[in-house]
Each structure stands twice: as structure tokens, then as C-alpha cells.
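For reference, the structure discussed in these notes is given below.
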Amino acid sequence: MKQSQLTYEGYELDETDLIIFYFEKGIDHCLDFTILDFIPVDYNISVRNGSEEYKISDYDYKDWFDENVSENDLLELVKVFEYGVGGNPINPPNN
Numbered sequence: 095m096k097q098s099q100l101t102y103e104g105y106e107l108d109e110t111d112l113i114i115f116y117f118e119k120g121i122d123h124c125l126d127f128t129i130l131d132f133i134p135v136d137y138n139i140s141v142r143n144g145s146e147e148y149k150i151s152d153y154d155y156k157d158w159f160d161e162n163v164s165e166n167d168l169l170e171l172v173k174v175f176e177y178g179v180g181g182n183p184i185n186p187p188n189n
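For any residue, its number in our numbering is found by taking its place in the sequence shown, counting from 1, and adding 94.
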């Protein structure tokens, strides 16, 4: 496998969109790509106490992200962005 040209730097949430920041070898400034609607808007969180169920209303996008996405998942997204799925790059090199 060829050496990666991209290095994961960080992320930001914009409501349900995920923005991933990365550096590309040979470029001095940080770049980014966005995955629109990354966080589902139809999730329901509730707690059951015996026969009663209570909906949790203060659960937000960041809470969902923190519970479902790891640092390794973010690193993998950068790899998929660079190499694609099955070797078909999503972001083809300019060579």
C-alpha cells in the first residue's frame, strides 16, 4: 500500500454535518471535507423505569457523536476519503 498523503487533524460538528480537518503532504495549510447529515435527526433516547418510559430531551448532536464515533472512526474516514472504498478514491490525486 502506498504511503498516506493525508493526516487527520480534527473535526467540528455543524448541527448534523461533520467537518473533518486534515493536512495533505506538501500543502502548508489545513484542508477539510464535509459529510452532510452525518448525525441522524430521528434518534430517540429514553429511559425505562419499570413499566414507564421517559424521553431524554437534553440529548444533543454532540452527545450522539461522542457515544457513537471514536477517534479511530475519524481516522478511517480520512483513509476512505483518500483511498476510497475498494481502492476507488473519492478524492482522486491531481497527478
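All C-beta atoms in this analysis are idealised placements derived from N, C-alpha and C, irrespective of residue type, glycine included.
Assumed close pair Leu-107, Phe-159 - CB separation to whole angstroms, cut-off 8 Å | Locating residue 107 in the sequence shown gives position 13, where the first residue counts as 1. Locating residue 159 in the sequence shown gives position 65, where the first residue counts as 1. Leu-107 to Phe-159, Cβ: 6 Å. Contact.
Hey, how far is the Cα of Thr-128 from the Cα of Leu-169?
-> On the sequence shown, residue 128 is found 34 positions in, with the first residue counted as 1. On the sequence shown, residue 169 is found 75 positions in, with the first residue counted as 1. So the two alpha carbons sit approximately 14 Å from each other.
Which residues does DSSP pair with Asn-143 in a beta bridge?
-> Counting from 1 along the sequence shown, the entry for residue 143 is found at position 49. Bridge partners of Asn-143: Glu-146.
Are Thr-110 and Tyr-155 touching if we call contact CB-CB under 8 Å?
-> In the sequence shown, counting from the first residue as 1, residue 110 sits at position 16. In the sequence shown, counting from the first residue as 1, residue 155 sits at position 61. Yes, Cβ-Cβ distance for Thr-110 and Tyr-155 is below 8 Å.
Counting only the same chain and skipping the five closest in sequence on each side, list residues whose C-beta sits under 7 Å from that of Phe-132.
-> In the sequence shown, the residue the question calls residue 132 occupies position 38. The answer, listed in chain order, is Thr-110, Asp-111, Leu-112.
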